[in-house]
Amino acid sequence: MELGITSFVELTTNLKTYEERIHEVLKEIKHADELGLDFFGIGEHHRRDYAASSPITILAAAATITKQIKLGSAVVVLSSEDPVRLTEQYRTLNIISNNRAELMVGRGSFIESFPLFGYDLDDYNELFEEKFDLLNRLNKQDNLSWEGNFRKPLNDVTIYPKTNNPLTISVGVGGSRGSIIRAAKYGTPLVLAIIGGNPLFFKSYVNLYKALYIQHGHDPEKMHITANFHGFISDDPKELEIFRDTNLEQMNAIGKERGWKAANIDSYNQSISKEGALIVGNSKEVAEKMNYLIKELDLDRILLQVTVGSMPIDITLKTIEKLAKEVKPLLVR
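Count the sequence shown with the working numbering and you get residues 16 to 348, in order.
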C-alpha cells in the first residue's frame with residue numbers, strides 16, 4: 016500500500032512570501048523522502064493564494080535533493096498545456112530523478128489557466144480529449160505524425176529526450192463520469208480527488224472504471240487506483256484546531272467564488288466523521304479511516320493534502336513524520 020502527500024503550495028493564511036513558501040515545500044518533500052513516503056505531488060495553479068504556477072520546476076529541484084520518493088504533478092491542467100512540451104519536461108524530470116517522475120493530468124477544477132494561456136472555456140471538454148489522446152501517443156513513441164483541431168499538425172516529428180522508460184501518466188478525476196470512462200479506455204491509472212461529501216459516493220466510479228478497464232483489454236495486474244484527501248495528523252488539540260480553522264478559511268474562500276454553502280464547525284465535524292471526506296485525527300484514527308477507505312474503494316495508494324490553508328511548516332513536518340512512522344505501518348492492502 017502506497018502513501019504520499021500532495022500540495023498546492025498554499026500561502027492563504029500564513030502571510031508567507033512566494034519565495035519562503037516554495038523553499039518550505041522543498042523541505043517538506045525532502046522530509047517525506049527521508050521518512051520513506053512513496054509520493055509527493057505538486058498541483059498547478061495561477062492565482063494569488065498558491066505558489067505552484069510551475070510544478071515541473073519545483074519537482075526538478077526536489078529531484079536533486081531526494082533519493083527514492085516518486086515525484087509528480089497533482090495535477091497539471093492538461094487542457095491549457097502543450098502535450099509535446101509536457102512530454103519533454105517530464106521525460107527530462109524522469110532522467111534527473113532516475114525514473115521517479117509521474118505525470119498526473121486533469122481537466123482543471125480551477126480555470127484561471129484558460130484565459131491566461133489563450134484558451135476558450137467553451138472548448139473545455141474537447142481540449143482535454145484531444146490533448147489527452149496526443150499525450151498518450153507521445154508516451155508510446157518518439158516519432159509520430161498527428162493532427163487535431165486545436166494546434167497545428169505534427170508531421171513526422173521526433174520528441175526529445177528519447178527514452179526507453181515510458182512515463183507513468185494518471186488522470187485526476189473530481190467527479191466526471193466521462194473522465195472515468197476515458198481513463199479506463201486508455202488503461203490509465205485513476206486518481207480520485209475526494210474533497211467533500213461521503214467518499215463512498217465514488218464507489219460506483221471505481222466499479223465503472225474496473226469494468227471498463229477490463230472490457231478494453233488492459234492487464235488487471237497493472238490497474239492502479241489512488242484517492243487524494245485533505246487531512247491532518249496530530250495528538251495536540253491546539254494543532255487540530257489550527258488545521259480546522261485554516262481548512263474552513265480556505266474552503267470558504269474558494270466556496271465564495273463558486274457559490275458553495277458556507278462551511279462551519281458543524282459541517283467540519285461531519286467531514287471528519289467516518290462518512291466524511293476529511294481524514295483528521297491522531298495516527299490510530301487516521302489509519303483506521305484510511306484502512307476503511309482502502310477496503311471500500313479498493314485503493315492502491317492514498318494521498319493526503321496536509322497544507323490546506325497553509326499550515327505552519329513545523330506542524331506540517333510533524334504531520335509528515337507521523338504519516339510515515341505511525342500511520343503507514345498500520346495500513347493494510
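Heads up, the beta-carbon is just placed ideally off N, CA and C, and yes, glycines get one too.
| task | Can you tell me which of the three DSSP states Gly-163 falls into? | result | coil
| Residue range of the alpha helix (DSSP H) that Leu-131 falls in? | Counting along the chain, the alpha helix (DSSP H) containing Leu-131 begins and ends at 128-131.
| task | Measure how close the beta-carbons of Asn-284 and Asp-250 come, nearest whole angstrom, since I'm counting them as under 8 Å. | result | Actually they are not in contact, since the Cβ atoms of Asn-284 and Asp-250 sit about 18 Å apart, beyond 8 Å.
| field | Spatially closest choice to Glu-25 from Asp-64, Asp-135, Glu-17, Lys-200, by CA coordinates | value | Asp-64
| field | Beta-carbon proximity list for Phe-37, same chain, < 7 Å, skipping 5 on both sides | value | It is Ile, not Phe, that sits at residue 37 in the sequence shown. Val-24, Ala-66, Ile-73, listed in sequence order.
| Under the three-state reduction of DSSP, which class applies to Arg-316: helix, strand or coil? | Arg-316: strand per DSSP, three-state reduction.
| query | In three-state DSSP terms, what is Glu-59? | reply | coil
| request: Would you mind working out which of Leu-263, Phe-244, Glu-300 sits nearest Val-321, comparing C-alpha positions? | output: Comparing C-alpha distances from Val-321 to each of Leu-263, Phe-244, Glu-300 shows the shortest one belongs to Phe-244.
| request: Helix, strand or coil for Tyr-134, going by three-state DSSP, please let me know. | output: coil
| message | Alpha carbons only, please: which of Leu-207, Asn-151, Asn-158, Ser-219 is nearest the one belonging to Lys-200? | response | Of the candidates Leu-207, Asn-151, Asn-158, Ser-219, the one whose C-alpha sits nearest the C-alpha of Lys-200 is Asn-151.
| said: Relative to the C-alpha of Ile-328, which candidate in Ser-112, Glu-39, Arg-259, Thr-21 has its C-alpha closest? | reply: It is Glu-39.
| query | What is the rounded straight-line gap between the Cα of Ser-88 and the Cα of Pro-252? | reply | Note on geometry: alpha-carbon atoms of Ser-88 and Pro-252 lie some 32 Å from one another.
| request: Check the DSSP bridge columns for Leu-169 and list the partner residues they point to. | output: Answer by DSSP bridge pairing, in chain order: Trp-161.
| Contact check, Val-295 vs Ile-174 under 8 Å by CB: the rounded distance? | The pair is not a contact, with the Cβ atoms about 43 Å apart (cut-off 8 Å).
| message | According to DSSP, simplified to helix, strand and coil, what is Asn-297? | response | Of the three classes helix, strand and coil, the one that applies to Asn-297 here is coil, per DSSP.
| said: What does the alpha-carbon distance come out to for the pair Ser-282 and Ile-210? | reply: 13 Å
| Which listed residue (Glu-96, Tyr-139, Leu-142) has its alpha carbon closest to that of Phe-132 | Glu-96
| field | Which residues DSSP lists as bridging Ala-208, in chain order | value | Asn-243
| request: Return the residue from the list Gly-189, Arg-166, Pro-176, Ser-112 that minimises the CA-CA distance to Asp-120. | output: At residue 120 the sequence reads Val, which differs from the Asp that was named. With distances taken between Cα atoms, Val-120 lies closest to Gly-189.
| said: I'd like the span of the alpha helix (DSSP H) that includes Ala-277, first residue to last. | reply: From DSSP, Ala-277 is part of no alpha helix (DSSP H); its letter is neither H nor E.
| said: Is it buried or exposed, Asp-48, if we count other Cβ atoms within 10 angstroms and call 16 or more buried? | reply: buried
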